[in-house]
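As structure tokens, the structure follows; a few thoughts come after it.
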Amino acid sequence: WSSDVCSSDLAFSILSAQDSDRWELISLEREYSISGIGQLSKGMVVVHDNKQADQARIGFISDDNYYEQLNWPTASLPFDLEALDIYPGKTNQFIAMESSGKCYQLRYNPRNNRLILKNEFQIPGVKKPMNLEGIAIFTLSGNTWIAWGDRGKNQFPATLYWGRLNVYNSKVEPSGSHSFTVSFPESDVRHLSDMDIAKDGTCWVSSASDPGDDGPFDSAVYRLGQFKLDGTALKFIPENNGQLFKIYKGHKIEAITLENGRLICATDDENAGSSLLYQPIK
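To convert a position in the sequence shown, counted from 1, into the working numbering, add 213.
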């Protein structure tokens with residue numbers, strides 16, 4: 214599939230997957246592997262970590278499980294989109310982030326299936342060898358906060374960062390960080406491959422092994438800890454090495470989102486394409 218093909222030609226069905234324990238194949242094409250996911254008012258939006266000019270950057274999955282590639286709204290394409298989160302309080306708006314920390318605030322128009330670029334901003338303090346893999350925007354006591362995660366690798370821990378997000382100019386004011394490693398996977402591990410934050414402030418993270426384009430892949434999801442307000446300051450209270458939610462064999466989870474009592478996981482399985490899993494949170 215190339216970017217100049219009509220979007221309707223790119224639509225294909227995903228098998229029904231409501232709260233099942235069965236992974237559903239989205240695509241066998243590496244181009245459509247998923248690196249970020251978020252729930253819109255209807256359907257979901259996903260990003261792809263592609264880098265070449267003729268490759269997909271973003272797509273839409275409808276409530277009845279059809280995928281459709283979306284056109285990026287500007288001629289200049291993003292490079293290595295690794296994360297996405299819905300902007301709280303703004304219908305059909307979300308932020309997509311490159312691994313470099315460059316962020317795009319976008320709005321999806323369901324009437325014409327198009328995207329509008331509202332703003333761009335940069336996560337501060339990102340320098341090599343950092344590689345950002347997760348972002349979350351959330352509200353506590355009426356204040357808007359943003360968290361982002363550097364993935365880490367093997368003996369090098371991942372780091373969760375957070376700060377205040379100014380909703381008027383999208384300026385990020387960092388206020389804290391927490392470094393961690395996970396117990397699983399044990400080799401070729403990225404300690405953080407994505408993240409999301411529940412309404413009660415609980416921070417969920419996925420971790421994944423990535424030995425190469427052909428795997429084999431393994432992943433896990435953890436409850437890393439909880440954000441709480443201490444006066445006007447945001448504090449993170451970590452679990453001891455994270456509370457393991459579930460281990461997933463054979464897939465590289467790079468996108469998670471929490472919605473209506475469900476955890477939705479999506480994969481970047483490289484040469485094996487991408488899959489999707491809906492599961493209840495018990």
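Glycine included, each C-beta is placed from N, C-alpha and C at the ideal position. Note that the structure is predicted; figures quoted are calculated from it, not measured.
Given residue i as reference, the closest of the options once Cα atoms are compared
i    : options                : result
D426 : E399, A349, G486, I494 : G486
S400 : S432, F334, G389, S422 : S422
W285 : N263, N278, P451       : N263
Y311 : H261, T357, Q456       : The sequence shown places Glu at residue 311, not Tyr. The shortest Cα separation from E311 among H261, T357, Q456 belongs to H261.
A433 : I466, A360, Q439       : I466
Status (buried if at least 16 other CB within 10 Å, exposed otherwise) for residue i
i    : result
C478 : buried
A446 : exposed
G444 : exposed
D222 : Here D222 scores only 35 on pLDDT, less than 50, and its place in the model should not be relied on; the value that follows carries that caveat. That one is exposed.
L330 : exposed
CB contact flag (residue i, residue j, <8 angstroms)
i    : j    : result
L442 : L353 : yes
L297 : G365 : no
A564 : L290 : The chain is shown only over 214 to 495; residue 564 falls outside these bounds and no answer can be derived.
G249 : A468 : yes
L283 : N326 : yes
S396 : E346 : no
F449 : Y435 : no
I247 : T480 : yes
Beta-bridge partners of residue i, as assigned by DSSP
i    : result
G428 : DSSP lists no partner for G428.
A421 : R403, S432
M257 : Q252, I274
I329 : R320
S488 : L238
Q456 : R436
K495 : DSSP, once it has assigned bridges, lists no residue as partnering K495.
N356 : L353
I466 : T480
C-beta neighbour in chain B for residue i, strict 8 angstroms
i    : result
R243 : As a matter of chain content, chain B is missing from the structure shown, which is built from one protein chain.
Stretch-stretch touch, CB-based, cutoff 8 angstroms, three pairs: the segment 376-385 with the segment 405-425 | no
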